[in-house]
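The structure under discussion appears below in the form of structure tokens.
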Amino acid sequence: MVTKSRFTYLSRDGIHKCQAYKWQNDNVPVKGILQIIHGMQEHMERYDEFASFMCDNGFIVVGNDHLGHGLTVLSEELGYFAKDNADVIVVRDVHRLKKMTEGEYPGLPYFILGHSMGSFIARKYLTMYGKGIRGAIICGTGTKPAIVTGFGKILSSISGIFSKGHNKSGLINRLSFGGYNKKIANPTGKNDWVVRNDDVLKKYNEDSLCGFPFTSNGFKTLFSILHYVDNPKNLVSIPKSLPIFVIAGMCDPVGNYGKGPKKVYDTYKHIGISDVSLKLYPDMRHEILNDIDRNIVYEDVLKWINSRI
């Protein structure tokens with residue numbers, strides 16, 4: 121039986137306590153650890169089903185709610201990360217949980233999986249701490265031209281001048297997500313691009329900790345991370361022997377319908393990563409771990425990790 125425990129640890133911002141989770145099945149021999157890095161405008165508890173699957177197959181699963189997300193937020197801070205260096209702090213928060221988990225379970229192979237914004241964080245994590253993990257799954261990722269992310273950083277900085285980054289910019293939100301439903305026939309709501317699974321979509325729409333407006337600070341952090349990881353010059357520190365698995369839905373607008381993940385894959389190949397794989401899933405939208413056919417993705421992730429332990 122899989123059990124889930126909750127705990128907190130101090131964020132690298134020195135102020136907040138990150139809400140963290142651990143899933144484990146004490147009846148199954150443990151062969152590795154998987155740390156999940158969740159996406160934008162969501163939280164870790166949405167990964168219960170996938171985490172339980174991995175636990176039943178011999179893994180301990182951990183993850184934390186980022187600053188500005190889930191139960192890590194204080195008062196009205198949804199979508200706000202940190203005053204300074206937020207793009208580094210969120211990565212260091214992931215690493216702090218990793219070091220804590222390693223200390224509790226020394227010697228076990230350690231993998232990370234980042235979804236959506238979490239994939240951007242994971243991609244930056246690889247440039248900072250890639251030597252300490254066995255492999256990484258980059259899920260639901262995308263790319264943007266440097267001129268776009270650079271402009272996004274400037275626009276979000278200007279937008280947040282008078283509110284110290286706490287304001288919620290409808291303009292930036294529309295520019296970022298306004299066209300995501302354009303290829304969906306007869307959408308039932310603004311979030312149909314997220315997933316085909318009606319039950320998951322309903323829960324997402326009804327969850328106050330999902331789909332909330334991002335602050336200017338949140339967008340600045342997002343654009344800063346993406347601007348960094350989309351520059352191949354910043355990727356040279358990634359160990360060339362580190363296994364990387366890029367996965368995404370072919371109907372995911374975040375990845376420009378397969379083009380973004382393919383570009384990430386090609387970039388890793390170009391800089392000399394020796395073990396990098398790509399799989400794109402037809403008909404699946406953004407959240408392939410919650411899709412109708414998610415069991416296919418689960419099995420692919422498990423098979424990939426098992427072959428690299």
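Residue numbers (my numbering): 121 to 429.
C-beta: ideal position from N, C-alpha, C; glycine also.
Between which two residues does the alpha helix (DSSP H) harbouring Ala242 extend? Met237 to Tyr249 is the extent of the alpha helix (DSSP H) around Ala242.
Please name the residue, chosen from Tyr377, Leu422 and Lys389, that lies closest to Tyr401 on a Cα-to-Cα basis. Tyr377
8 Å Cβ cutoff met for Phe240 and Leu346: Taking 8 Å as the Cβ cut-off, Phe240 and Leu346 qualify as a contacting pair.
I'd like to confirm the pairing. Which residues does DSSP put opposite Phe173 in its beta bridges? Its beta-bridge partners do not exist; DSSP assigns none.
If you reduce the DSSP assignment to three classes, tell me which class Thr261 lands in. coil
Within the same chain, show all residues whose beta-carbon is closer than 7 Å to that of Pro359, passing over the 5 residues directly before and after it, in chain order. The beta carbon of Pro359 sits closer than 7 Å to those of Gly250 and Lys251, all from its chain and outside the five residues before and after it, given in chain order.
Close-in-space but distant-in-sequence residues of the same chain around Val314 (CB under 7 Å, 5 per side omitted): Within the same chain, Leu321, Tyr324, Arg405, His406 and Glu407 come within 7 Å of Val314 by CB-CB distance, once the 5 residues on both sides are set aside.
Is the Cβ-Cβ distance between Met160 and Asn184 less than 8 Å? no
In this structure, how does DSSP classify Lys124 when only helix, strand and coil are distinguished? The DSSP-derived three-state label of Lys124 is strand.
Ranges of the alpha helix (DSSP H) found wholly within the segment 298-359, counting only runs of at least 4: 318-326 and 336-349
Bridge partners for Leu436 per DSSP, in chain order? The requested residue 436 is not part of the displayed model; the chain covers only 121 to 429.
Under 8 Å between C-beta atoms of Lys218 and Gly178: no
If you count every other CB in all the chains shown that lies within 10 Å of the CB of Leu194, and 16 or more means buried, which is it? Burial call: exposed.
Extent of the continuous beta strand (DSSP E) run through Asn415: First-last for Asn415: Arg414 to Asn426, but that is the alpha helix (DSSP H), not the beta strand (DSSP E).
Distance, Cα to Cα, Gly375 vs Arg294? Approximately 17 Å between the Cα atoms of the pair.
Considering only DSSP beta bridges, list what Tyr388 is partnered with. DSSP lists no partner for Tyr388.
Just the C-alpha distance for Asp413 and Lys310, rounded to the nearest angstrom, thanks. 22 Å
When Val182, Gly338 and Ile209 are compared against Lys225, the one with the closest alpha-carbon: A quick correction: the sequence has Tyr, not Lys, at residue 225. The residue with the shortest Cα to Cα distance from Tyr225 is Val182.
I want to know whether the segment 202-217 touches the segment 123-138 - three or more CB-CB distances under 8 Å. yes
Using the Cα positions of Asp411 and Ile304, report the straight-line distance between them to the nearest angstrom. 15 Å
C-alpha gap between Thr192 and His390, whole angstroms: Cα to Cα, the separation comes out at about 38 Å.
With C-beta atoms as the reference, is Gln436 less than 8 Å away from Arg126? Lying outside 121 to 429, the shown extent of the chain, residue 436 is not represented and no answer is given.
Would you report the Cα separation of Val208 and Lys340, rounded to the nearest angstrom? 12 Å
The alpha helix (DSSP H) that contains Val150, what's its start and end? Val150 -> no alpha helix (DSSP H), and no H or E assigned at all.
Against chain B, does Tyr230 count as a neighbour if the rule is that its beta carbon must be under 8 Å from one of theirs? Checking the listed chains, one finds no chain B in this structure; it contains a single protein chain.
So if DSSP puts Leu130 in a beta bridge, which residue, or which two residues, is it bridged to? Beta-bridge pairing links Leu130 to Lys137.
With DSSP as the reference, please indicate the residues paired to Tyr230 in a beta bridge. Bridge pairing for Tyr230: Ile153 [DSSP].
What does the alpha-carbon distance come out to for the pair Val396 and Asp350? 17 Å
The alpha helix (DSSP H) spanning Ile278 covers which residue range? Ala266 to Ser279
Counted within 10 angstroms of its Cβ, other Cβ atoms place Ala256 as buried (16 or more) or exposed: buried
On the three-state DSSP scale, how would you describe Ala256? strand
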